[in-house]
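Trainee: Numbering (UniProt numbering), first residue to last: 1 to 220. Pasting in a structure now, in structure tokens, and then I'll have a few things to ask.
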């Protein structure tokens, strides 16, 4: 997840194959499910839950302008950060063809003009939740809808970004250390965004069924 701007520091489905930005997909996993039902995730290269990462390469269309495509959810976040502060030049650079790596998007996001930490803290969660929603509902190709099924397949389990480096989007601990340090966890905003989107998906799917039942009852 992003560092602060330079103004302040300035059925079951299988995840679709994803470009790994030069990192082998055979890398050993540290994504974990434990006996308490929690699901830990961190890096996009780690299976089976690497797809939850903001850095997972998964082209997604914008919800309003389908000509805009985000290579990763990190690109969406940084693009919206730039737009929030009316830095259209930086927004365009974030989505430039030569900036497909999420690390570059994150780096560019640090340079957004007129950045205000207070405004960002107020808006950041909304932006990431919406980016997560698009990630699982607006993929560039139909094959991408597998992420929606994977998210729903997590049931009611708590989703936790086990980043030892991030106490805002993650918990500030690795998965192996998380359990015994629960009282010291960070905000886990990415995990919460994923769970919020999961609930939205359930409500969306329940809507037609509930309406059908209502129509049946009215017809009786």
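Quick reminder that beta carbons are idealized off the backbone N, C-alpha and C, glycines included. Predicted model, so just to flag it, every value in this text is computed and none were measured.
If you drop the 5 nearest sequence neighbours on each side, which residues of the same chain put their C-beta closer than 7 Å to that of residue 55?
Mentor: Within the chain shown, the letter at position 55 stands for residue 55. For residue 55, where only same-chain residues beyond five positions count, the Cβ hits under 7 Å are 44, 72, 74 and 102.
Trainee: How many angstroms separate the CA atom of residue 201 from the CA atom of residue 160?
Mentor: Counted from its first residue, the chain shown places residue 201 at position 201. Counted from its first residue, the chain shown places residue 160 at position 160. Rounded to whole angstroms, residue 201 to residue 160 spans 19 Å at the Cα level.
Trainee: Could you check where the beta strand (DSSP E) with residue 95 kicks off and where it finishes?
Mentor: By 1-based counting over the chain shown, the position of residue 95 is 95. Residue 95 -> no beta strand (DSSP E), and no H or E assigned at all.
Trainee: If you run the structure through DSSP and keep just helix, strand and coil, what is residue 74?
Mentor: For the purposes of this step, residue 74 is taken as the residue at position 74 of the chain shown. In this structure, residue 74 counts as helix in the three-state DSSP scheme.
Trainee: With a threshold of 16 other CB atoms inside 10 Å of the CB of residue 155, please say whether the residue is buried or exposed.
Mentor: For the purposes of this step, residue 155 is identified with residue 155 of the chain shown, where counting begins at 1. Classification for residue 155: exposed.
Trainee: If distances are taken between C-alpha atoms only, which option among 107, 194 and 106 comes closest to residue 152?
Mentor: Taking the chain shown and counting its residues from 1, the one referred to as residue 152 is at position 152. Checked all of 107, 194 and 106; the closest Cα to residue 152 is 194.
Trainee: Indicate whether residue 96 and residue 82 have their beta-carbon atoms separated by less than 7 Å.
Mentor: Position 96 of the chain shown, counted from the start, is the residue given in the question as residue 96. Position 82 of the chain shown, counted from the start, is the residue given in the question as residue 82. No.
Trainee: From which residue to which residue does the beta strand (DSSP E) around residue 159 run?
Mentor: In the chain shown, residue 159 corresponds to position 159, counting from 1. From DSSP, the beta strand (DSSP E) with residue 159 extends over 159-161.
Trainee: For the alpha helix (DSSP H) containing residue 68, name the first residue and the last one.
Mentor: Reading the chain shown from its first residue, position 68 is the one you call residue 68. Careful: residue 68 lies outside any alpha helix (DSSP H) and carries neither H nor E.
Trainee: At which residues does the alpha helix (DSSP H) containing residue 119 begin and terminate?
Mentor: As a first step, residue 119 must be located in the chain shown, where it is residue number 119. First-last of the alpha helix (DSSP H) with residue 119: 117-137.
Trainee: For residue 41, report the span of its beta strand (DSSP E) as first-last.
Mentor: Counting from one through the chain shown, the residue named residue 41 turns up at place 41. 39-41 is the span of the beta strand (DSSP E), which, as asked, contains residue 41.
Trainee: On the CB-based measure, 16 or more other CB atoms within 10 Å of its CB, does residue 129 come out buried or exposed?
Mentor: Here residue 129 corresponds to residue number 129 of the chain shown, with the count starting at 1. Per the 10 Å Cβ criterion, buried.
Trainee: Alpha carbon to alpha carbon, how far is residue 12 from residue 116?
Mentor: For the purposes of this step, residue 12 is taken as the residue at position 12 of the chain shown. For the purposes of this step, residue 116 is taken as the residue at position 116 of the chain shown. Below a pLDDT of 50, predicted positions are generally treated as unreliable, and residue 12, at 47, falls in that range; the measurement from the model is reported next regardless. Distance between the alpha carbons of residue 12 and residue 116 is about 42 Å.
Trainee: For residue 135, collect the residues of the same chain with a Cβ closer than 7 Å to its Cβ; drop the 5 residues on either side in sequence, then sort them by chain order.
Mentor: Residue mapping note: residue 135 aligns to position 135 of the chain shown, counting from 1. The residues are 58, 60, 73 and 147.
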